[in-house]
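S.K.: Right, I'll just put the structure down here and ask away after.
2 protein chains.
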Amino acid sequence: MYKIKEVAKMLGVSTATLRYYEQEGILPNIKRVNGIRVFNDEDFKWLRVLNCMKKINMPIKKIKEYIDLAMMGDSTLKERYHLILEQKEFIKAEIAKLNNCLKEFEYKEWYYKTAIKAGTEAAVKNMPKSSPTLEIDEIPVKIKRKDL
Amino acid sequence: MYKIKEVAKMLGVSTATLRYYEQEGILPNIKRVNGIRVFNDEDFKWLRVLNCMKKINMPIKKIKEYIDLAMMGDSTLKERYHLILEQKEFIKAEIAKLNNCLKEFEYKEWYYKTAIKAGTEAAVKNMPKSSPTLEIDEIPVKIKRKDL
DNA sequence: TCTTGACTTAAAGTCCACTTTAACATATAT
DNA sequence: ATATATGTTAAAGTGGACTTTAAGTCAAGA
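Those sequence lines, one after another, are chains H and G. Residue numbering for the first sequence follows our numbering, starting at 701 and increasing by one per position. Residue numbering for the second sequence follows our numbering, starting at 701 and increasing by one per position.
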C-alpha cells in the first residue's frame, strides 16, 4: 500500500502526472484513506498495462475508451479483444520501423568512425555505396498515431 | 526534382509541415526556382535521416543541433559521432521496451481469447499465473525523451 | 481574359500532455 | 506548540509540434 509520492518515484513520473491521469479517467478506482490516495496491488497491475499503452503513444482518450469498455463487463470482451489486437499489430510495425532507424544510425556510426579516422568527411563521401549496413533507400511513409 | 506537394505526398506529411521544418532549420539548403522550393537527391537523403530522427522522437531542437554541427564541418566530427552513438543506444533501449510491451499485449490477446471462449472474464481471472507469455512483473521506470 | 490550382510568407490558432500555482488540510518531527 | 512535509482540489499556464488562416504571386488551361 503506497501513497502517491512513492508510486510516482517508482514509476519515474511526477505526482501531478498521476493525479492528472486519475482526473482523465485512465487511473480509475484508486481508494482513499482520509481523502488520501492509496495504491494497492490491483492499481499496480493496471499501472503496468497503462505504462505499455503510454509507451506506444496511445492517446489518453483511446486508453479511456478501453477502460470504459472494461467497466461495462463481459459484453465488451470482443471489442476489447479487437482493440488489443490492433495495438499489438501497431507495436510490431513500430518495432520494425525502429529497427530500420537503428540501421540508419549504425550506418552513421560507421560513417563518422571512418571520417574521424581519415580526419575528414570528404573521404567517406567519396566512397560510393560504401556502407556496410545500409541498404534501404526509400523513405517510409508516415502513418499518424491517431489513425489507430 | 520535386515540388513541395509531391514530396509531402511521398512522405505522408503535409506541405505545411515541410515548410515548418524548413523554418525551424531542420530541412536546410532547399533550393528555390522562381521562389519555389525544389527538392533534389541530397534533400531526399537528408529526409530519410530526418525521418529516423523524428521516428525516435528527437526534439526538433536536438535535430537542429546536429545540423548546426554538421554545418561547421570536420571540426565537429567527434561531437556528431557521440550524438549519433547516444541516439543509437536510445533506439536499442526503446526497441527492448517495445518488445516488453508487445509481450504484455500478447498476454492480453490470450486473456481475451480465453475469456471470449469461456463467455466471461471471471473464468480467466480465476486461473492463477495463467499466462503463457507474461513473466515480467515490474513496471519499468520512465525515462523522459528530453534527457537524451 | 479569367479562373483554377499550386506555390509563397507571416502570424495566429489548436491540440495534447502535462506542469505550475494557489489555497488549504493533515500528519509527523523537534 | 510549531515548523516541515505531504497530501488535497481547481484552475491556469506551458511547450512542442504542428495546422490554419489570410493575403498575395504566378503559370497553365478554357
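Virtual Cβ for every residue (Gly too), placed ideally from N, Cα, C. Owing to the predicted nature of the structure, the values given are computational and were not obtained by experimental measurement.
Answer with buried or exposed for alanine 815 of chain H, where buried requires no fewer than 16 other C-beta atoms within 10 angstroms of its C-beta.
M.R.: By the neighbour-count rule (16 or more Cβ atoms within 10 Å), alanine 815 of chain H is buried.
S.K.: Label lysine 703 of chain G either buried or exposed according to how many other C-beta atoms from any shown protein chain fall within 10 Å of its C-beta, with 16 as the threshold for buried.
M.R.: Looking at its Cβ environment, which holds fewer than 16 other Cβ atoms inside 10 Å, lysine 703 of chain G is exposed.
S.K.: With a threshold of 16 other CB atoms inside 10 Å of the CB of methionine 701 of chain G, please say whether the residue is buried or exposed.
M.R.: The residue is exposed, with fewer than 16 neighbouring Cβ atoms inside 10 Å.
S.K.: In terms of alpha-carbon separation, which member of H:Leu769, H:Glu806, H:Phe790 lies closest to valine 749 of chain G?
M.R.: Ranking the options by Cα distance to valine 749 of chain G, first place goes to H:Glu806.
S.K.: Taking 6 Å as the limit between beta carbons, can you name the residues of its chain near lysine 731 of chain G, skipping five residues before and five after?
M.R.: Answer for lysine 731 of chain G: Val738, listed in chain order.
S.K.: Expressed to the nearest angstrom, what Euclidean distance is found between the alpha-carbon atoms of leucine 718 of chain H and lysine 797 of chain H?
M.R.: Taking the straight line joining both Cα atoms gives about 30 Å.
S.K.: Please tell me whether isoleucine 763 of chain G and isoleucine 726 of chain G are closer than 7 Å, where the distance is taken between their beta carbons.
M.R.: For isoleucine 763 of chain G and isoleucine 726 of chain G, yes; Cβs fall inside 7 Å.
S.K.: Between which two residues does the alpha helix (DSSP H) carrying arginine 780 of chain G extend?
M.R.: From DSSP, the alpha helix (DSSP H) with arginine 780 of chain G extends over 777–818.
S.K.: Using CA coordinates, which residue listed in H:Ala823, H:Asp774, H:Thr820, H:Glu821 is at the minimum distance from valine 824 of chain G?
M.R.: Answer by Cα proximity: H:Asp774.
S.K.: Taking 7 Å as the threshold (C-beta atoms), are lysine 808 of chain H and isoleucine 767 of chain G in contact?
M.R.: The answer is no: Cβ separation not under 7 Å.
S.K.: Taking lysine 745 of chain H as the reference, give the member of H:Leu711, H:Thr715, H:Gly735, H:Ala716 with the closest Cα.
M.R.: Minimum Cα distance to lysine 745 of chain H is reached at H:Leu711.
S.K.: Going by DSSP in three states, valine 738 of chain H sits in which element: helix, strand or coil?
M.R.: If DSSP states are grouped into helix, strand and coil, valine 738 of chain H belongs with the strands.
S.K.: For tyrosine 812 of chain H, decide whether its Cβ has a neighbour in chain G, counting only Cβ atoms nearer than 7 Å.
M.R.: So yes, tyrosine 812 of chain H belongs to the interface.
S.K.: Check lysine 745 of chain H in the structure and name its three-state DSSP category.
M.R.: If DSSP states are grouped into helix, strand and coil, lysine 745 of chain H belongs with the helices.
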